[in-house]
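Visitor: One line per chain: the protein sequences are A and B, in this order. Using this note's numbering, the letters of the first sequence correspond one by one to residues 1 to 357. Using this note's numbering, the letters of the second sequence correspond one by one to residues 1001 to 1221. Next up is a structure, given as structure tokens.
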Amino acid sequence: MGDSTNIRLNFRKSLGSFSLEVNCTLRTKVSAFLGVSGSGKSTLLNCISGTLTPDEGEIAFGDEVLYASASGINLPPEKRRFGYVFQEGYLFPHLTVAQNIRYGQPNPRKSTDAITVLEIGEFLQQYPKELSGGQRQRVAIARALAMEPRMLLMDEPLASLDSALKDRIIPYLHHVKEVFETPILYVTHAFSEAMALADEAFLIADGAIMASGEPHQLLTAPSAMPIAQMTGVENILFLPVTASDKARGLTALEIGDQSLIIPYIDVEVDEVVPVAIRAEDIMISLDPNLAISARNILLGKIQCLDVKGDRTWLSILVEWHHLAVKITHEAREQLQLREDLEVYCVIKASAINRLWD
Amino acid sequence: MRITPTEVAALSLSIKVAFLSLVIMLPPGLLAGWLLAKRTFPGKALLNTFVMWPLVLPPIVSGYLLLILLGRHGFIGGLIYRVFGIEIVFTPLAVVIAVSVISFPLLVRGIVTGMESVPVELENAARTLGASPVKVFWTITFPLAYRGIIGGTILGFSKSLGEFGATIMVAGNIPGKTQTMALAIFSAVHLGEDASVYRLVFIATVVAFIALWLTERFTLR
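Given below as structure tokens:
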């Protein structure tokens, strides 16, 4: 993407005792801001969209300055043309889906495209309260896209949906990313969403950007462990399929020289699939020869240990993948776990979930 | 039971005054309601106090203050007398003014309640979709606050219909000219015209019931 679609964020905003300070340039098509609630994500989006005015600094999109404290520029939200998708959707309850989409006086072709991509054509005459949470969120995305925004701002668009629904919406977001030129700023507390969609991610905590890079780099770097702990992360691995056995109901993935057994999925050999393992679903053993029903016993090495609250967090290097593991302090003491110790990660096949299609 | 021309005049004056005061007070009512419900600005508490003042003042006191203000030697009344050569006190216009001042707080209260129930996030969403603040008001805030607005309107209207204290102070009690329904009942009781009292009380009761019932219908979900 050329410079014309860069967004430059360099501003400061204090709200009571909280203060947000950012200085970054978003260059990729989908940028994610990752952080827990209270880290300043919504303040960031509100400053960009113009519903909140920063204390000082500059916000510019390409050559166009939207806010600059030095020169007194501060475009109102209606002049900024950002398509804001809220966590709660905020569809207008007194308007039908079609009227909601028309509210931003959209480009007719864009609204048709948005209705097609998000598959909401059949709800157009219905009112928001007649729709399910997932449908409402699709309408909210279509409404924002239809006005031909310079950029989509998505504030935890999946957070109010249950996990089954999330997995169904993510393909729509992928589709939006493919079909529309519009760059996206995606704010979330879920690593899985950032990894599913973003080209670049920014870790944000206590109102400041702590790190940035490709989402999977951020997740697997030991330095991201504090964030992983805060966000209740799932381990997400992109692994190629080595074999699939429908009769036994199992599929094998390659993780370096070892293999990871997951429930059967209908995928060609060598295709790379994203899978998620929750940090608390991984057990640690010092002995590989366990008589145990779990299908996976992976050799790894402890990179670091971190005591946080009533749990110990481990970062374990398995081949070249870092796994975040959450165990009790008793387990840590009993096994005498320490850095550089070789351990076995025991994972049930059924605790490994394939992410989006 | 036959209704007398004086009673008809009083009833029709009450209804006309109530409607007129509503038409006059709705625009400032919407503005004040929007300011109080949606804006933060220095002096907001003061504005609210000023708007709600007549609600806590005895109507007689409001009426007396209006009389002083609007009289030929009053600040406003004197100015109008000098410029237009007309007197306000003891005219139907004085009834409209008295009734408007007294019913305004109820009207605003309803509007504020209605507008406060509209989430600011919906209004912000509309702004990001390119709507100016004026468009947001008419397409989002107003339609979503309509229950509260209608509730305030009906309450204010009912208050106007029955206003007594302020009216008698600034407009007097002139049959056929400034005598409203409430004043007509007062006079009829004093003169011992029981039949007239019953008729007027019956009408007043029914009107009040209908107004309250309409309020409930529109404001309850």
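Glycine residues also receive a C-beta, built at the ideal position from the N, C-alpha and C atoms.
Could you tell me whether the Cβ of B/Thr1040 comes closer than 9 Å to any Cβ of chain A?
Guide: It does not: the Cβ of B/Thr1040 has no partner Cβ on chain A nearer than 9 Å.
Visitor: I'd like the list of long-range same chain contacts for A/Leu272, defined as Cβ closer than 7 Å, with 5 residues on each side in sequence excluded.
Guide: Reading off the sequence, residue 272 of chain A comes out as Val, not Leu. So the qualifying residues of the chain are Phe238, Leu239 and Pro240.
Visitor: Can the beta-carbon of A/Arg338 be found less than 9 Å from the beta-carbon of A/Ile327?
Guide: No, they are not a contact pair.
Visitor: Could you list the residues in the stretch 195-212 of chain A with a C-beta less than 9 Å from some C-beta on chain B, going in chain order?
Guide: So the list is empty, because no residue satisfies the distance condition.
Visitor: Would you tell me roughly how many angstroms separate the C-alpha atoms of B/Gly1172 and B/Gly1192, rounded to the nearest one?
Guide: Looking at the two C-alpha atoms, the distance is approximately 20 Å.
Visitor: Apart from the five residues just before and just after A/Asp155, which ones in its own chain have a Cβ nearer than 8 Å to its Cβ?
Guide: Excluding sequence neighbours, A/Asp155 sits near Lys41, Ser42, Leu45, Tyr84, Val85, Phe86, Gln87 and Val187.
Visitor: Mind listing, in chain order, the continuous alpha helix (DSSP H) runs of no fewer than 4 residues lying wholly within the stretch 143-201 of chain A?
Guide: Counting whole runs of 4 or more residues, the stretch 143-201 of chain A contains the alpha helix (DSSP H) stretches 163-179 and 191-197.
Visitor: Which residue wins for smallest C-alpha separation from A/Phe11, given the options A/Ile59, A/Ser31 and A/Leu91?
Guide: Cα-wise, what sits closest to A/Phe11 is A/Ile59.
Visitor: Please confirm whether B/Pro1119 has its beta-carbon closer than 9 Å to some beta-carbon of chain A.
Guide: So yes, B/Pro1119 belongs to the interface.
Visitor: Anything in chain A within Cβ reach of B/Ile1150, meaning under 9 Å, just list it in chain order.
Guide: Within 9 Å Cβ-Cβ: nothing; B/Ile1150 doesn't reach chain A, min ~14 Å.
Visitor: Measuring alpha carbon to alpha carbon, tell me which of B/Arg1147, B/Leu1106 and B/Val1089 ends up nearest B/Ala1222.
Guide: Since the displayed chain B opens at 1001 and closes at 1221, residue 1222 of chain B lies outside it and no answer follows.
Visitor: Any beta carbon of chain A sitting closer than 9 Å to that of B/Asn1124?
Guide: Yes, because at least one Cβ of chain A sits closer than 9 Å to the Cβ of B/Asn1124.
Visitor: Are the Cβ atoms of B/Ile1154 and B/Leu1214 separated by less than 9 Å?
Guide: For B/Ile1154 and B/Leu1214, yes; Cβs fall inside 9 Å.
Visitor: What residues in its chain sit with their C-beta under 7 Å from that of A/Asp357, if we drop five residues either side in the sequence?
Guide: Interpretation of A/Asp357 is limited by its pLDDT of 48, a score under 50 that renders its predicted location unreliable; the figure taken from the coordinates is listed afterwards. Closer than 7 Å at Cβ, skipping near neighbours: Pro171.
Visitor: I need the straight-line Cα distance from A/Asp306 to A/Ser212, nearest angstrom please.
Guide: Whole-angstrom Cα-Cα distance: 22 Å.
Visitor: Comparing the C-beta of A/Met154 with each C-beta of chain B, is any distance below 9 Å?
Guide: Closer than 9 Å: no.
Visitor: Could you give the distance in angstroms between the alpha-carbon of B/Pro1276 and the alpha-carbon of B/Tyr1064?
Guide: This structure does not reach residue 1276 of chain B, given that chain B is present from 1001 up to 1221, and the question cannot be answered.
Visitor: Indicate whether at least one CB of chain A lies closer than 9 Å to the CB of B/Leu1129.
Guide: Interface residue, yes.
Visitor: If we define contact as Cβ-Cβ less than 9 Å, is B/Ser1103 a contact residue for chain A?
Guide: So, not an interface residue.
Visitor: Under the rule that 16 or more other beta-carbon atoms within 10 Å means buried, what is B/Phe1209, buried or exposed?
Guide: By the neighbour-count rule (16 or more Cβ atoms within 10 Å), B/Phe1209 is not buried but exposed.
Visitor: Just to confirm before moving on: does the CB-CB distance between A/Ile209 and A/Cys24 stay below 9 Å?
Guide: Yes, Cβ-Cβ distance for A/Ile209 and A/Cys24 is below 9 Å.
Visitor: Any beta carbon of chain A sitting closer than 9 Å to that of B/Leu1030?
Guide: Not closer than 9 Å to any Cβ of chain A, the Cβ of B/Leu1030 fails to qualify, so no.
Visitor: With H, G and I counted as helix, E and B as strand and the rest as coil, what does DSSP make of A/His321?
Guide: A/His321 falls in the strand class under three-state DSSP.
Visitor: Examine the Cβ distances between the stretch 1008-1027 of chain B and the stretch 1148-1167 of chain B and report whether three or more of them are shorter than 8 Å.
Guide: Short answer: they touch.
Visitor: Hey, is B/Trp1068's beta-carbon within less than 9 Å of any beta-carbon in chain A?
Guide: Note that residue 1068 of chain B corresponds to Ile in the displayed sequence, not to Trp. Output row for B/Ile1068: interface = no.
Visitor: Under 8 Å: do the stretch 1087-1105 of chain B and the stretch 1051-1059 of chain B share three or more Cβ pairs, one atom per stretch?
Guide: Result yes; three or more Cβ-Cβ pairs closer than 8 Å.
Visitor: For B/Thr1153, name the three-state secondary structure that DSSP assigns.
Guide: In the structure shown, B/Thr1153 sits in a helix (DSSP, three-state: H, G or I).
Visitor: Looking at the secondary structure, which residues open and close the alpha helix (DSSP H) in which B/Thr1113 lies?
Guide: Note, B/Thr1113: alpha helix (DSSP H), Pro1092 to Glu1116.
Visitor: Starting from A/Glu359, find everything on chain B with Cβ-Cβ shorter than 7 Å and list it in chain order.
Guide: Since the displayed chain A opens at 1 and closes at 357, residue 359 of chain A lies outside it and no answer follows.
Visitor: Of all the alpha helix (DSSP H) runs that stay within the bounds of the stretch 1040-1073 of chain B, which reach a length of 4 or more residues?
Guide: 1044-1056 and 1059-1070, all fully within the stretch 1040-1073 of chain B.
Visitor: Quick check on this structure: which residue in B/Gly1130, B/Gly1074 and B/Gly1165 has the alpha carbon closest to the alpha carbon of B/Val1101?
Guide: Selected option, being the one with the closest Cα: B/Gly1165.
Visitor: Along chain A, which residues have their Cβ under 8 Å away from the Cβ of B/Ile1140?
Guide: Going along chain A in sequence order, the residues near B/Ile1140 (Cβ under 8 Å) are Phe92.
Visitor: Would you call the stretch 117-128 of chain A and the stretch 67-85 of chain A in contact, with 3 or more CB pairs under 8 Å?
Guide: Segments in contact, no.
Visitor: Using 9 Å as the limit for Cβ to Cβ distance, is B/Leu1079 near chain A?
Guide: Chain A contact via Cβ: absent.
Visitor: Nearest chain B C-beta to A/Arg143 closer than 9 Å, yes or no?
Guide: Yes - at least one Cβ of chain B is within 9 Å of the one on A/Arg143.
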